[in-house]
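Have a look at the structure below, then the notes.
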Amino acid sequence: MHSHVLQDVLARLDKTYQAFFRRIRESRAGQTPGFPRYQGRNRYHSFTYKEFGNGARLDGILDNGFLVLSKIGRVVVRWSRPLDGTPKTVTISHEADGWYVCFSCADVPMQPLEPTGQETGIDLGLESFATLSDGTMIHNPRCYRRAERRLKTAQRKVSRRKKGSHRRRKAIKLLAKAHLKVKRQRTDFQHKAALALVREYDAMYHEDLQVANMLKNHHLAKSIADAGWSAFLSILAAKAAYAGRRVVAVPPAYTSQTCSGCGAVVKKGLSVRWHACPDCGTSLHRDHNAAKNIERLGQSRQGEVA
Ligand SMILES: [Zn+2]
Numbered sequence: 005m006h007s008h009v010l011q012d013v014l015a016r017l018d019k020t021y022q023a024f025f026r027r028i029r030e031s032r033a034g035q036t037p038g039f040p041r042y043q044g045r046n047r048y049h050s051f052t053y054k055e056f057g058n059g060a061r062l063d064g065i066l067d068n069g070f071l072v073l074s075k076i077g078r079v080v081v082r083w084s085r086p087l088d089g090t091p092k093t094v095t096i097s098h099e100a101d102g103w104y105v106c107f108s109c110a111d112v113p114m115q116p117l118e119p120t121g122q123e124t125g126i127d128l129g130l131e132s133f134a135t136l137s138d139g140t141m142i143h144n145p146r147c148y149r150r151a152e153r154r155l156k157t158a159q160r161k162v163s164r165r166k167k168g169s170h171r172r173r174k175a176i177k178l179l180a181k182a183h184l185k186v187k188r189q190r191t192d193f194q195h196k197a198a199l200a201l202v203r204e205y206d207a208m209y210h211e212d213l214q215v216a217n218m219l220k221n222h223h224l225a226k227s228i229a230d231a232g233w234s235a236f237l238s239i240l241a242a243k244a245a246y247a248g249r250r251v252v253a254v255p256p257a258y259t260s261q262t263c264s265g266c267g268a269v270v271k272k273g274l275s276v277r278w279h280a281c282p283d284c285g286t287s288l289h290r291d292h293n294a295a296k297n298i299e300r301l302g303q304s305r306q307g308e309v310a
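Quick note: the sequence shown uses the numbering used here, first residue 5, plus one each step.
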């Protein structure tokens, strides 16, 4: 093995423990910080060359050359897109359907989009994936729920087969592929939704989510995990930075309880889906109301109240 690959294993271990110590420091009563788990051969799926050109390099014409890995050899790569910027680290990972290489690059040139003069608040929800302050709803694809039956069948197949058997190993591979498909459907949706938003709005405001806390509410847990809000928000932030747009998180307090028309507090439980204000007569969907509040909150924090 190349020495950098081994060094990176230690770097990962260190990162894991630092995160563990941070969780201990920050943990509140009743929370367990979670000790780092041993990553055996069935869990450890990737390795990293930490310096492009040293241990991992490209040979031949850049876009369809070979990947040359030290101690491994020349590998043919099917490129998903050309490299942009200066490659820094190279990570090889093993997914259920094959081997992948990921280059992390520095100095990737920005591609700023023309300003549109539009801003929006985004309310992330379960009923629809997101609601914008103009009332547009982004439909939630619920990939996991839709694939649930297929996943269950595949899981059952694994359980029925004898431990350590060749047939069980085969079934495990099929199950992993089914999960991979769900994961990719979700990412695909998130990228498309984020791109549409970035194209249309100069500034996007969203609630600062404490997703980890919400997942503890078990009733909603599966749906929240499915919606993949935090993954979506990081994709959105990355695309926005690349396009010269702004994504701003605002504190979530009272965004759904406040009336977007007059500012009065209208108390309502989670099951009440409509906002009707007794004071000013504003009447709209609960999430639409929240999105408007989020936009106003975001703009006021920038010191530019509309
Ligand atoms: Zn009102």
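Even for Gly, the Cβ is constructed at its ideal location relative to N, Cα and C.
Reducing DSSP to helix, strand and coil, say where residue i ends up.
i	result
Tyr21	helix
Phe39	coil
Asp127	strand
Asp88	coil
Arg82	coil
Ser234	helix
Thr191	helix
His279	strand
Leu117	coil
Val94	strand
Glu30	helix
Ser287	strand
Val202	helix
Val186	helix
Lys272	coil
Assuming residue i is part of the alpha helix (DSSP H), what are its boundary residues?
i	result
Tyr48	Counting along the chain, Tyr48 falls outside any alpha helix (DSSP H), and DSSP gives it neither H nor E.
His292	Arg290 to Arg305
Cys147	Cys147 to Arg164
Determine the closest residue to residue i out of the options, with distance taken between C-alpha atoms.
i	options	result
Met363	Gly248, Val72 and Ile176	Nothing in the structure corresponds to residue 363, since the chain is present only between 5 and 310.
Gly38	Tyr53, Tyr48, Ser50 and Gln22	Gln22
Gln1	Val254, Ser238, Asn297 and Leu240	Because the chain in this structure spans residues 5 to 310, residue 1 falls outside the shown range and cannot be described.
Leu274	Gly267, Glu118 and Asp291	Asp291
Leu201	Ala245, Ala158 and Leu179	Ala245
Ala158	Glu204, Asp206, Gly69 and Lys174	Lys174
Lys177	Val80, Glu131, Asn46 and Tyr205	Asn46
Lys92	Arg29, Leu213 and Cys109	Cys109
Leu184	Ala207, Phe107, Glu211 and Leu155	Leu155
Contact defined as beta carbons within less than 8 Å: I believe residue i pairs with residue j. What is the distance between those atoms, to the nearest angstrom?
i	j	result
Ser74	His170	With a Cβ gap of about 33 Å, Ser74 and His170 do not count as contacting.
Asp111	Lys54	About 17 Å separates the two Cβ atoms, so there is no contact after all.
Gly125	Glu299	3 Å
On the DSSP bridge list, what partners appear for residue i?
i	result
Ala207	Glu123 and Arg250
Ile142	Ala134
Asp63	Phe70
Val9	Partner(s): none; Val9 has no beta bridge.
Gly77	Leu73
Thr262	Val269
Glu55	Paired residue(s): none; Glu55 is not in a bridge.
In the DSSP assignment, the beta strand (DSSP E) including residue i goes from what residue to what residue?
i	result
Phe70	Phe70 to Leu73
Phe107	Gly102 to Ala110
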